[in-house]
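Undergrad: Before anything else, here's the structure in question.
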Amino acid sequence: MKKIIAKTKLRNYPVIIESGILLGESSRAGTILKKIFPGSEKVVLVTDEKVLSLYKHKIDGLLSSTDKEHKIVTFPDGEKSKNLSCTKIIYRKLLDFNIHRNDLIIAFGGGVIGDLTGFAASTFHRGIKLLHIPTTIISQVDSSIGGKVVVNLNSFKNIIGSFYQPHAVIIDLALLSTLKEKEIINGLAEVLKYGIVFDKKIIELINIILKKIDQNSEKILFELIRNKKFEEIIYRCCKIKTEVVYKDEFDTGLRNLLNFGHTFGHAIEKATELEEISHGEAVAIGMILAIDLSIKLRLSGQEIKDEIIKLYKALKLQHELPWIDPDLILAAIKFDKKFTSKQDRFILLKALNRPLFYCNIDEKIIRQSIEENMSHKKD
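The following block contains the structure:
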């Protein structure tokens with residue numbers, strides 16, 4: 003078991019990483035929950051229908067092992083559930099169950115469930131106990147840690163939210179075993195972000211694992227995440243996230259670096275109304291656009307883009323943008339939370355692990371990066 007103590011102004015909390023802690027033959031999660039949350043009398047677990055269908059037996063066992071009254075709340079799988087209407091449904095369930103501030107709400111799922119549940123937890127009774135049990139790569143390495151709790155408004159992603167740190171995070175890598183290949187690809191985009199911006203050792207570890215796998219295998223990504231070294235990759239990502247949050251909990255400076263690729267990525271999602279391209283795909287393409295912009299501004303050389311695209315291809319990540327009207331992307335970029343009314347602010351690269359902030363880029367250059375990295379032009 004690996005354990006990180008995330009230190010924040012609101013509270014310090016454990017991030018526990020262990021394969022099989024929930025799904026193993028001798029699950030210890032119930033014991034851990036009773037130790038961390040001794041004063042909680044009731045538990046509400048929020049998940050989505052897909053996750054519940056996969057893990058209902060384990061979820062029931064986990065809740066029973068806490069020896070507390072419990073309820074399960076479910077939502078349809080996908081980004082469309084991360085909104086104020088679903089937040090109100092959680093509020094109603096909490097009211098009906100007479101939940102108080104000492105009681106516990108568990109987010110058992112991916113990033114959507116984590117964001118939605120966290121936002122509800124932060125605002126109900128002005129804050130109730132919150133535990134994240136993330137079930138995807140993206141949520142394990144990123145969204146479950148750091149206290150950003152958000153929901154979407156119409157097609158505007160993550161526009162309503164607050165900062166509310168969880169009371170604990172339990173990461174079980176065994177939960178990744180049921181992911182489909184596309185979900186793994188989405189998560190690997192977020193993992194690569196940490197390798198590109200903060201720790202090139204993550205990229206080295208991925209390449210070490212890939213060299214041991216038959217490149218013709220149809221299960222190459224499944225073998226990658228089952229490799230023992232992948233647990234170290236997850237740990238490194240979580241460690242980076244906790245350290246960055248400690249230095250900049252409220253996202254006013256350093257923490258913005260965690261949004262590398264997200265300025266373009268969120269704009270792509272907005273331009274496609276959160277339907278055509280997944281978050282991981284959008285971020286993957288967004289990182290390529292940010293690197294391309296760095297090259298056009300003569301901050302870095304072509305070799306970094308070539309190296310990253312080579313790795314993208316090995317990991318089946320999308321590196322080209324499908325046809326989307328560039329005007330829609332450029333309009334959506336203006337809603338980026340790092341921007342002000344007078345200044346845009348991009349995260350670019352000088353080299354691997356040498357990120358920088360760059361402001362007020364000529365829109366013609368941004369448009370050029372978008373258009374040149376499209377897989378095909380408009381018919």
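Residue 156 in the working numbering sits at position 154 of the sequence shown, and the numbers go up by one each step. Cβ coordinates follow ideal geometry from the N, Cα and C atoms, glycine included. Everything numeric in this text was worked out from a predicted model, so none of it was measured.
1) Is the stretch 306-323 touching the stretch 178-198, taking contact as three or more C-beta pairs under 8 angstroms?
2) Can you list, in chain order, the residues of its chain with a C-beta nearer than 7 angstroms to that of GLN320? Leave out the 5 residues immediately preceding and following it.
3) At 3 residues or longer, what runs of the beta strand (DSSP E) sit wholly inside the stretch 49-80?
4) CA-CA distance, LYS243 and ILE205?
5) Buried or exposed: PHE252, going by 16 or more other Cβ atoms within 10 Å of its Cβ?
6) Given this structure, state the Cα-to-Cα distance separating SER179 from SER280, to the nearest angstrom.
7) Could you spell out the range, first to last residue, of the alpha helix (DSSP H) harbouring ASN188?
8) Looking at the strands, I want to know which residues DSSP matches up with SER164.
9) Could you tell me which uninterrupted alpha helix (DSSP H) segments, each at least 4 residues in length, are contained entirely in the stretch 315-364, listed from first to last along the chain?
10) Between the Cα of LEU223 and those of GLU185, VAL247, THR254 and ASN258, spot the shortest distance and give me the residue it belongs to.
11) State the Cα-Cα distance for the pair SER67 and ILE372, rounded to the nearest angstrom.
12) Does the stretch 226-234 come close enough to the stretch 297-307 to have 3 or more Cβ pairs within less than 8 angstroms?
13) Output the distance between the C-alpha atoms of LYS318 and ILE187, rounded to the nearest integer angstrom.
14) For ARG103, which residues in the same chain have their Cβ closer than 6 angstroms to its Cβ, ignoring the five residues on either side in sequence?
15) Exposed or buried, what is GLY267 when buried is set at 16 or more other beta-carbons lying within 10 Å of its beta-carbon?
16) Please state whether DSSP places GLY267 in a helix, a strand or coil.
17) Cβ of HIS72 within 8 angstroms of Cβ of LEU65?
18) What first and last residue would you give for the beta strand (DSSP E) that runs through LYS5?
19) Count the CB pairs spanning the stretch 211-222 and the stretch 253-262 that are closer than 8 angstroms, and state whether there are at least three.
20) If you check the beta carbons only, do LEU118 and SER83 fall under 8 angstroms apart?
21) Can you name the start and end residues of the alpha helix (DSSP H) that ILE208 belongs to?
22) Look at VAL48 and ILE6 and say whether their C-beta atoms are less than 8 angstroms apart.
23) Here's the rule I'm using: 16 or more other beta-carbon atoms within 10 Å means buried, otherwise exposed. How should ASP364 be labelled?
24) For SER146, which option in LYS249, ILE19, GLY63 and ASP294 has the closest C-alpha, if you only look at C-alpha atoms?
25) Going by beta-carbon coordinates alone, are VAL114 and CYS240 separated by less than 8 angstroms?
26) Tell me which residue opens and which closes the alpha helix (DSSP H) that LYS241 is part of.
27) Name the DSSP bridge partner or partners of LYS44?
28) Can you name, in chain order, every residue of its own chain whose Cβ lies under 8 angstroms from the Cβ of LEU86, other than the five neighbours on each side?
29) Looking at C-alpha atoms only, which residue of LEU133, LYS90, ASN362 and GLU81 is the closest neighbour of SER42?
30) Starting from the Cα of LYS52, find the closest Cα among LYS182, GLY120, ASN375 and ARG228 and give me that residue.
31) Compute the Euclidean distance between the alpha carbons of ALA333 and PHE158, then round it to the nearest angstrom.
32) Could you pull out every residue in the same chain whose Cβ sits closer than 7 angstroms to the Cβ of GLU275, ignoring the five residues on either side in sequence?
33) Which residue's Cα is closest to the Cα of PRO328: GLU271, LEU354, PRO357 and LEU256?
34) Starting from LEU35, trace the alpha helix (DSSP H) both ways and give me its first and last residue.
35) Once you ignore the five residues that flank LEU207 on each side, which residues in its own chain have a CB closer than 6 angstroms to its CB?
36) Nearest CA to the CA of ASP50: which residue from LYS366, VAL199, ALA8 and GLY80?
TA: Per the coordinate set shown:
1) Yes, the stretch 306-323 is in contact with the stretch 178-198.
2) Within the same chain, GLN320 has close Cβ partners GLU283, ALA286 and ILE287.
3) The stretch 49-80 contains these whole beta strand (DSSP E) runs: 71-77.
4) Note on geometry: alpha-carbon atoms of LYS243 and ILE205 lie some 16 angstroms from one another.
5) By the 10 Å Cβ count, PHE252 comes out exposed.
6) Answer to the nearest angstrom: the Cα atoms are 20 angstroms apart.
7) Taken as a continuous stretch (DSSP letters only), the alpha helix (DSSP H) holding ASN188 covers 183-199.
8) VAL151.
9) Listed in chain order, the complete alpha helix (DSSP H) runs (minimum 4 residues) inside the stretch 315-364 are 328-335.
10) Nearest C-alpha to LEU223: GLU185.
11) Approximately 52 angstroms between the Cα atoms of the pair.
12) No, they do not touch.
13) ILE187 has its alpha-carbon roughly 7 angstroms from the corresponding atom of LYS318.
14) For ARG103, same chain residues with a beta-carbon under 6 angstroms away, outside a window of 5 residues either side, are HIS127 and ILE130 in chain order.
15) Buried, since its Cβ has 16 or more Cβ neighbours within 10 Å.
16) Three-state result, GLY267: helix.
17) Yes, the pair counts as a contact, with Cβ atoms nearer than the cut-off.
18) Looking at the DSSP string, the run of the beta strand (DSSP E) that includes LYS5 is 4-9.
19) Touching, no.
20) Yes, Cβ-Cβ distance for LEU118 and SER83 is below 8 angstroms.
21) Following the DSSP letters along the chain, one finds ILE208 inside the alpha helix (DSSP H) bounded by residues 202-213.
22) No, Cβ-Cβ distance for VAL48 and ILE6 is not below 8 angstroms.
23) It is exposed - the Cβ of ASP364 has fewer than 16 other Cβ atoms within 10 Å.
24) The shortest C-alpha to C-alpha distance from SER146 to any of LYS249, ILE19, GLY63 and ASP294 is the one to ILE19.
25) No, the pair does not count as a contact, with Cβ atoms beyond the cut-off.
26) Judged by DSSP secondary structure, LYS241 falls within the alpha helix (DSSP H) whose first and last residues are 230-249.
27) The partner list for LYS44 (beta bridge, DSSP) reads GLU71.
28) Around LEU86: VAL153, LEU155 and ILE162.
29) Minimum Cα distance to SER42 is reached at LEU133.
30) Ranked by how close their Cα comes to the Cα of LYS52, the residues LYS182, GLY120, ASN375 and ARG228 have LYS182 in first place.
31) The alpha-carbon of ALA333 is positioned some 12 angstroms away from that of PHE158.
32) Contacts found: SER157.
33) It is GLU271.
34) First-last of the alpha helix (DSSP H) with LEU35: 31-38.
35) These residues qualify, in order along the chain: LYS231 and ILE235.
36) Comparing Cα-Cα distances from ASP50 to each of LYS366, VAL199, ALA8 and GLY80, the minimum goes to GLY80.
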